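All residue numbers for the sequence shown refer to the numbering used here, where the first residue is 1151 and numbers rise by one. Cβ atoms here follow ideal geometry from the backbone N, Cα and C, with glycine treated the same way. Note that this is a predicted model, so its numbers are computed, not measured. Structure record follows, encoded as structure tokens.
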Amino acid sequence: MLCFKLNLMGMKGLVCLMWLSMWVSQSKGRLLSIPSKPDPNDAAATARWLVSLNFWGVLNTISSDLGGAPFGNVVSYSDGLPGAGTGIPYFYLTSLDPTARNALQNDKASFTVSEYPLGTCLKKDPMNPTCSKISLTGKLKLIDQNSKEAEFARKALFSKHPEMKGWPKDHNFQIFKLDIENIFLIDWFGGPKPLTVEQYLHLKMNNVAIIL
1151 MLCFKLNLMG
1161 MKGLVCLMWL
1171 SMWVSQSKGR
1181 LLSIPSKPDP
1191 NDAAATARWL
1201 VSLNFWGVLN
1211 TISSDLGGAP
1221 FGNVVSYSDG
1231 LPGAGTGIPY
1241 FYLTSLDPTA
1251 RNALQNDKAS
1261 FTVSEYPLGT
1271 CLKKDPMNPT
1281 CSKISLTGKL
1291 KLIDQNSKEA
1301 EFARKALFSK
1311 HPEMKGWPKD
1321 HNFQIFKLDI
1331 ENIFLIDWFG
1341 GPKPLTVEQY
1351 LHLKMNNVAI
1361 IL
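Structure below.
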């Protein structure tokens, strides 16, 4: 709980606030408080927790400039409004950047995020198996910019990354999404967890109130 003293227009007292937004410290790139990590045995819940809470990851495409070599790029993303993630990563990309250009020529892609930026791995190395990481592989698709899905994606992206609203209009940023075909999740010892796309996408996520 976040509390502070109030001394305004002669009114004095102690005020405590409960902040319900999961993106309260987005400007610093780190959440002040997050829901507890799911049990490692629940692969679907861990995967959705990891994707919904992160702000950025590495998006890998097939380079059209480097003879088909893999090209990884740090990108911001969102999978839905705060507390209501869908599991599907949406991106705000411009073809002035290689990632979007690559996708428009060859849509094969993968997207990787780590638990480490959330601060919940503590002193563990990011490669420690208990510091979760997930790679979503599939096709990076440009969606209809006038569709309801694009409207949803913009709200999701701008709520998590408000700076995006002010990005240059002449850069022609457009909404892309990853159509997921395969999931690689490490969240404990013993190798990757078996997890199908259907299990991942159809997990019911509960809204969580964050108390600071």
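Contact between Leu1307 and Tyr1240 is confirmed by a C-beta separation of about 6 Å, below the 8 Å threshold. Val1201 is the residue among Gly1218, Ala1259, Val1201, Asn1332 whose C-alpha sits nearest the C-alpha of Leu1231. Secondary-structure assignment with DSSP links Ser1226 through a beta bridge to Trp1206. DSSP links Asp1337 through a beta bridge to no other residue. Residue pairing from DSSP leaves Asp1275 without any beta-bridge partner.
Comparing alpha-carbon positions, the option among Pro1248, Leu1328, Lys1187 lying closest to Asp1215 turns out to be Pro1248. Annotation for Asp1337: Pro1190, Thr1196, Ser1282 place their beta carbon closer than 6 Å to its own, counting only its chain and skipping 5 residues before and after. Between Pro1276 and Tyr1266, the gap from beta carbon to beta carbon is short of 8 Å. For Ile1330, the closest alpha carbon among the candidates Lys1258, Asn1223, Ala1300, Gln1295 is that of Lys1258. Annotation: the continuous alpha helix (DSSP H) that includes Lys1305 extends over 1298 to 1310.
Judged by beta-carbon spacing, Lys1327 lies beyond the 8 Å limit of Lys1354, meaning their Cβ atoms are not closer than that value.
Annotation for Ala1300: Ile1293, Asp1294, Ile1325 place their beta carbon closer than 7 Å to its own, counting only its chain and skipping 5 residues before and after.
In summary, Asp1229 is buried, with 16 or more beta-carbon neighbours lying within 10 Å of its beta-carbon over all protein chains present. In terms of CA proximity to Ser1309, Gly1235 leads the group Leu1209, Ile1333, His1352, Gly1235.
Gly1341 sits exposed, since fewer than 16 C-beta atoms from the chains shown fall within 10 Å of its C-beta.
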